[in-house]
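In the numbering used here, the protein residues as written are 746 to 1328.
Just so it is clear, CB atoms sit at the ideal spot from N, CA and C, and this is done for glycine as well.
Heads up: the structure comes next, in structure tokens.
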């Protein structure tokens, strides 16, 4: 829990830290099943996001740790403990805490590659989001100050997930939260949490921090700014997401936007790209892309020797006494704060560059569309030149991303998990569309950047299962069981074959060991979806098929008039030429 509070909380602030520490110190999990489920889900989240700490967690209790060889096993154990707490009336009373459990378990499972289990937890927290009305500010009336701020943060975590489904390839099979009309009705500004940390938020009031006093500046002194807070970093990241998604939201459910000419859409995209490129100019010092120890008193970034060293964490009792003693240690607490700033800086700037890359892809797409059709606004040569001109911007985005990955230690990239990895990958794959010839310098640079990205991604992607997030990762057992089986050992009784949609290849039947009961096939009543089977009148006697290489004894031969059998999708199954081949 110390690792969650010190390393994960800046990115997933789903608890009120003072209240959570108090409940944890008083062992509330022993008497409150919902709090126990919350603890287990946060354990799963921390294990999922901090693979470098897994051996440490196992060593805390070696006897119990030996049961878990992988993070996946431990995460699944935590998830099972959470779900076993649910009785038949579990969903009769809803709360933000139940939302947190489902959301956090979804993220945890996703980190190790369990995409399908993660997707099912998504369904839970999406439904709870609707029931709680997280997107409607009117639903916040009657809540105390702590609950209000927690729900506002939950809304933005929900919005991040929505943004990924809107703009990221391979995620369209997931449920989306907003319908076509209500997205325009959301009051995003009212749903922003207050820019103060948890220690200033109480049930009945929010105490603003002491006003920041600006001392008279001199030419030799930099401008002074308010101190950095975790809340300000969370809000900054939310604003980056909102700005980057503005174009995608502008035509949700509105075809009129798409009917406008390429020139209008291109101008809008370029304006938005310009806005988002410079929107972090006023970010707090520690959140600057090139933050340093001199930038507004930001603490220095430690350079750790090797990736095995964990990020700085209190790693102990959450009681206030321990926190006080940690603060008294020279540089102890400041290193934790500095580490949190680095973790958030990585998250903000990777998201910022990722959204710019997505917008630039849309610009390229509109340019290519403008050269298609009889009313093309541009010629192919003009489009090629425009794409080459855009390449300089794309190259700059990739260069900034690589600089960020090399300048921030891995231990501060790690807590961002696979979400950061996928954003980096989305930026890297754009290098594959280089419009220059291989011998030209931009193409050679792109190849070198790709090698750098590959090395970085090999360190960042720590999923234990092949992550199929962008692929179809599930099996429709009813549809695919029989047709994706290479070896059919026993087929005892096949009475009805209702639906044969897709049989690609009946050239090789390698292994049919036992076909017990195909003595008489007098009636083939139910073969619904094979379009053309012209003449299969009599297959009365197939007593013994011992060897598919030699079929010596078929009393009633199949009529030679089998013309062509095709699937409903027009795929050739058996042609006349196939029939003439010897068995």
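Check	Outcome
Extent of the continuous alpha helix (DSSP H) run through residue 763	762–770
Nonlocal neighbours in the same chain, by C-beta distance under 7 Å from residue 850, ignoring five residues either side	786, 789, 824, 827 and 866
The region 1014–1023 in contact with the region 1077–1092 per 3-pair CB rule at 8 Å	no
Burial state of residue 1164, where buried means 16 or more other Cβ atoms lie within 10 Å	buried
With 16 other Cβ atoms within 10 Å as the buried cut-off, status of residue 846	buried
N- and C-terminal bounds of the alpha helix (DSSP H) containing residue 856	841–856
Touch test, the region 806–817 against the region 863–879, Cβ-Cβ under 8 Å, three pairs minimum	no
Three-state secondary structure (DSSP) of residue 753	helix
Buried/exposed call for residue 944, threshold 16 Cβ in 10 Å	exposed
Counted within 10 angstroms of its Cβ, other Cβ atoms place residue 1162 as buried (16 or more) or exposed	buried
Span separating the alpha-carbon of residue 774 from that of residue 923	35 Å
CA nearest to the CA of residue 1092, picked from 1010, 1224 and 905	905
For residue 894 and residue 1356, the rounded distance between their alpha carbons	Any question about residue 1356 goes unanswered here, given that the chain covers just 746 to 1328.
For residue 768, the nearest candidate out of 1128, 780, 889 and 757 (CA to CA)	780
Contact between the region 1133–1143 and the region 1086–1106 (3+ Cβ pairs under 8 Å)	yes
Beta-carbon proximity list for residue 1135, same chain, < 7 Å, skipping 5 on both sides	1105, 1108 and 1109
Classification of residue 1099 by the beta-carbon crowding that lies within 10 angstroms, buried from 16 upward	buried
First and last residue of the uninterrupted alpha helix (DSSP H) at residue 980	975–989
Alpha helix (DSSP H) segment containing residue 893, residue limits	890–912
DSSP state of residue 946 mapped onto helix, strand, coil	strand
Between the CA atoms of residue 898 and residue 759 - distance to the nearest angstrom	7 Å
Euclidean distance between Cα positions of residue 1086 and residue 975	8 Å
Alpha-carbon spacing of residue 839 relative to residue 831, whole angstroms	12 Å
Residue 1088 beta carbon less than 8 Å from that of residue 1167	no
Assigned secondary structure, residue 860 (DSSP; H/G/I helix, E/B strand, else coil)	helix
Residue 951 (DSSP reduced to helix, strand or coil)	strand
Secondary structure of residue 1210, DSSP reduced to three states	coil
For residue 1147 and residue 1200, the rounded distance between their alpha carbons	11 Å
DSSP state of residue 933 mapped onto helix, strand, coil	coil
Residue from 953, 987, 902 and 927 with nearest C-alpha to residue 934	987
Distance, residue 1153 Cα to residue 1195 Cα	19 Å
Of the listed residues 792, 801, 901 and 875, nearest to residue 857 (C-alpha basis)	792
Cβ shell of residue 869 (< 7 Å), same chain only, five flanking positions each side left out	847
For residue 1109, three-class secondary structure by DSSP	helix
Spatial neighbours of residue 1179 in its chain, beta-carbon cut-off 6 Å, leaving aside the 5 residues before and after	1188 and 1191
Three-way DSSP call (helix, strand, coil) for residue 1149 in this model	helix
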